[in-house]
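Number of protein chains: 2
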Amino acid sequence: MLKSATNRIDGQKHSMAKRIEQALLEEIGTGDLGPGQRLDETGLARRFGASRTPVREALSRLAAQGILVQGEKRGVFVAEYSREELSQIFEAMHEIEAACARIASQRLTLLSRSEIEAAQAACVAAAESGDRPQYLRANESFHLAIYRATGNPYIAEIASEFRRRTGPFRAKKFETRDDLLASARSHEELINDIFSEDSATASRSMRSHMTASFLETLKAN
Amino acid sequence: MLKSATNRIDGQKHSMAKRIEQALLEEIGTGDLGPGQRLDETGLARRFGASRTPVREALSRLAAQGILVQGEKRGVFVAEYSREELSQIFEAMHEIEAACARIASQRLTLLSRSEIEAAQAACVAAAESGDRPQYLRANESFHLAIYRATGNPYIAEIASEFRRRTGPFRAKKFETRDDLLASARSHEELINDIFSEDSATASRSMRSHMTASFLETLKAN
DNA sequence: TGTCACAATTTTGTATACAAAAAGAAAAGC
DNA sequence: GCTTTTCTTTTTGTATACAAAATTGTGACA
Numbered sequence: 507m508l509k510s511a512t513n514r515i516d517g518q519k520h521s522m523a524k525r526i527e528q529a530l531l532e533e534i535g536t537g538d539l540g541p542g543q544r545l546d547e548t549g550l551a552r553r554f555g556a557s558r559t560p561v562r563e564a565l566s567r568l569a570a571q572g573i574l575v576q577g578e579k580r581g582v583f584v585a586e587y588s589r590e591e592l593s594q595i596f597e598a599m600h601e602i603e604a605a606c607a608r609i610a611s612q613r614l615t616l617l618s619r620s621e622i623e624a625a626q627a628a629c630v631a632a633a634e635s636g637d638r639p640q641y642l643r644a645n646e647s648f649h650l651a652i653y654r655a656t657g658n659p660y661i662a663e664i665a666s667e668f669r670r671r672t673g674p675f676r677a678k679k680f681e682t683r684d685d686l687l688a689s690a691r692s693h694e695e696l697i698n699d700i701f702s703e704d705s706a707t708a709s710r711s712m713r714s715h716m717t718a719s720f721l722e723t724l725k726a727n
Numbered sequence: 507m508l509k510s511a512t513n514r515i516d517g518q519k520h521s522m523a524k525r526i527e528q529a530l531l532e533e534i535g536t537g538d539l540g541p542g543q544r545l546d547e548t549g550l551a552r553r554f555g556a557s558r559t560p561v562r563e564a565l566s567r568l569a570a571q572g573i574l575v576q577g578e579k580r581g582v583f584v585a586e587y588s589r590e591e592l593s594q595i596f597e598a599m600h601e602i603e604a605a606c607a608r609i610a611s612q613r614l615t616l617l618s619r620s621e622i623e624a625a626q627a628a629c630v631a632a633a634e635s636g637d638r639p640q641y642l643r644a645n646e647s648f649h650l651a652i653y654r655a656t657g658n659p660y661i662a663e664i665a666s667e668f669r670r671r672t673g674p675f676r677a678k679k680f681e682t683r684d685d686l687l688a689s690a691r692s693h694e695e696l697i698n699d700i701f702s703e704d705s706a707t708a709s710r711s712m713r714s715h716m717t718a719s720f721l722e723t724l725k726a727n
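Just so you know, the sequences run in chain order V and P. Numbered according to my numbering, the first sequence spans residues 507 to 727. Numbered according to my numbering, the second sequence spans residues 507 to 727.
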């Protein structure tokens, strides 16, 4: 086994630990790793061709962000939430997202407008071709673009964190091509309301978007 | 050196890594470890009588929470923010804390009322005796009690996280006994407005509390 | 004096080893 | 049959070793 600190045999720029963290995040985001699934250190180490040390670091960091939970029984698990907990998480997201929409609408620049539009275009394209993984990524970019438009990386980070945490649950509601198209369409309204630069409208619109998203998520879980 | 997984020679219930994390959090919260200060793995390992492994885990988790930053230059540092960044962080806190106050005022129970009152009593006591470290803890408890009163652990966690991040900066504004007394007094208004169970008033009151806190923090840094 | 090269040192990331704890399985008792 | 007890296996937490990278120090040379 290589002992190189930064194993670059496959052209990655990050350390092994960061790469594992990213890879797990991706798999959790797409729902490949579902809620409640157990992650065993040795298995992951073997899978990534690394030792337990970097795996451990990745798991520990993901647990610190609430994406994984450890220690309830034995092992580390993808966080699994009851309906009650899910409802609380969405309430929290509700608040953050509404704040993001409000602030974004107040600080909108030409750049952030075009970023949001570009992300939305990608959403529509992915939805029309029915490419689920691509849509998931595009949808993520769309919301990230709104967060970034606040000009406040700290709020943006919190919002992203909640998005990552709820990823595996939200992922389940995107099954058919129509699900993707419906989601993409619901973005349009939101965009209009944020671009209106009326912060109250923007905030209200995001709240209604989030409520709808929550209800669909509940149905799918 | 002992190889025991859970070194309990000094009657601690947690693993070494968690203990180190807690200890560092405490030192950062009180300002003993100031912003920008470097934390070297080997040194900490020696200090805690452990190896680099658990130190590394603690640092990594604290970094994942944004309390430490790593990799800018060499080493891990207590996060240090410019005025611009501090202002953005406080803007984010502003939103979260206002949401907390609003929700708390809507869901107030007898239990959470009494928890808030008890914490405030401890604040007043510590302020009057001019016990700075004790006041810092009591103040923390006071705000945590408000967060808990939302009944939503996820919002509460985000709010706590911001509180921890800004801890070393806010700590600097508590120097004299009068600082402590002034802070304790400002809690009274806030309590009244939250206990009024009018959510708009509660939210507005928290915003003004946060604005004041921000201005004082800026002055002290 | 400044700057470039290169050697010495420190710091990081990872691998591996191992002991304690926990979980699971098998055996003994009632 | 159902508990309890003891033995085995797995899993965790930590220590230690080591190589690659980064930093610092040092001296040659212009």
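All C-beta atoms, glycine included, are put in the ideal place defined by N, C-alpha and C. The structure presented is a predicted model; accordingly, all values stated were derived computationally and were not measured.
Residue range of the alpha helix (DSSP H) that includes residue i
i, result
"Gln-528 of chain P", "522-536"
"Asn-645 of chain P", "638-654"
"Ser-719 of chain P", "705-726"
"Ser-593 of chain P", "589-613"
Beta carbon of residue i nearer than 8 Å to that of residue j
i, j, result
"Tyr-660 of chain P", "Gln-594 of chain V", "yes"
"Glu-722 of chain V", "Lys-679 of chain V", "yes"
"Met-712 of chain P", "Ala-607 of chain P", "yes"
"Arg-671 of chain V", "Glu-621 of chain V", "no"
"His-715 of chain P", "Leu-687 of chain P", "no"
"Gly-673 of chain V", "Ile-534 of chain V", "yes"
"Phe-701 of chain V", "Arg-619 of chain V", "yes"
"Ser-611 of chain V", "Ser-692 of chain V", "no"
"Asn-727 of chain V", "Ala-598 of chain P", "no"
"Thr-656 of chain V", "Ile-609 of chain V", "yes"
"Leu-545 of chain P", "Val-582 of chain P", "yes"
"Ala-604 of chain P", "Ser-689 of chain P", "no"
"Ala-677 of chain P", "Leu-642 of chain P", "yes"
"Ala-556 of chain P", "Leu-574 of chain P", "no"
One or two residues paired with residue i in a DSSP bridge
i, result
"Val-575 of chain V", "V:Phe-583"
Under the three-state DSSP convention, the category residue i falls into
i, result
"Leu-696 of chain V", "helix"
"Leu-550 of chain V", "helix"
"Leu-545 of chain P", "strand"
"Ser-689 of chain V", "helix"
"Phe-680 of chain V", "coil"
"Ser-618 of chain P", "helix"
"Leu-568 of chain V", "helix"
"Ala-631 of chain P", "helix"
"Ala-556 of chain V", "coil"
"Ser-702 of chain V", "coil"
"Gly-657 of chain P", "coil"
"Gly-673 of chain V", "helix"
"Asp-516 of chain V", "At Asp-516 of chain V the pLDDT is 41, less than 50, meaning the model places this residue with poor confidence and gives no usable figure here."
Proximal chain V residues relative to residue i, where beta-carbon distance stays under 7 Å
i, result
"Ser-566 of chain P", "Glu-563, Ser-566 and Arg-567"
"Gln-571 of chain P", "Ala-570"
"Ile-534 of chain P", "The contacting residues do not exist; Ile-534 of chain P stays about 15 Å from chain V at best."
Chain-ordered neighbours of residue i on chain P, where CB pairs are closer than 7 Å
i, result
"Thr-660 of chain V", "Thr is not the amino acid found at residue 660 of chain V; the sequence shown has Tyr there. Correct list: Gln-594, Ile-595 and Ala-598."
"Gln-576 of chain V", "Per Cβ cutoff of 7 Å: no residues; Gln-576 of chain V is ~11 Å from chain P at best."
"Ala-605 of chain V", "Glu-601"
Within chain V, partners of residue i - CB distance below 9 Å
i, result
"Ile-526 of chain P", "None at all; the shortest Cβ gap to chain V is about 13 Å."
"Ile-622 of chain P", "Under the 9 Å cutoff, chain V gives no residues; its nearest Cβ is about 20 Å from Ile-622 of chain P."
Chain P contact residues for residue i, given Cβ-Cβ distances below 9 Å
i, result
"Ile-700 of chain V", "Those do not exist, as Ile-700 of chain V stays about 17 Å from chain P at its closest Cβ, beyond 9 Å."
Check: residue i C-beta below 7 Å from any heavy atom of the ligand MN
i, result
"Arg-553 of chain V", "Within the structure as shown, the ligand MN is missing, as the structure has no ligands at all."
Listed by chain order, chain P residues near residue i by CB distance under 8 Å
i, result
"Ile-652 of chain V", "Going along chain P, no residue has its Cβ under 8 Å from Ile-652 of chain V, so there is no contact; the nearest lies around 15 Å."
Where residue i meets chain V, residues with beta-carbon distance less than 8 Å
i, result
"Ile-697 of chain P", "Neighbours of Ile-697 of chain P on chain V: none; closest Cβ ~22 Å, over 8 Å."
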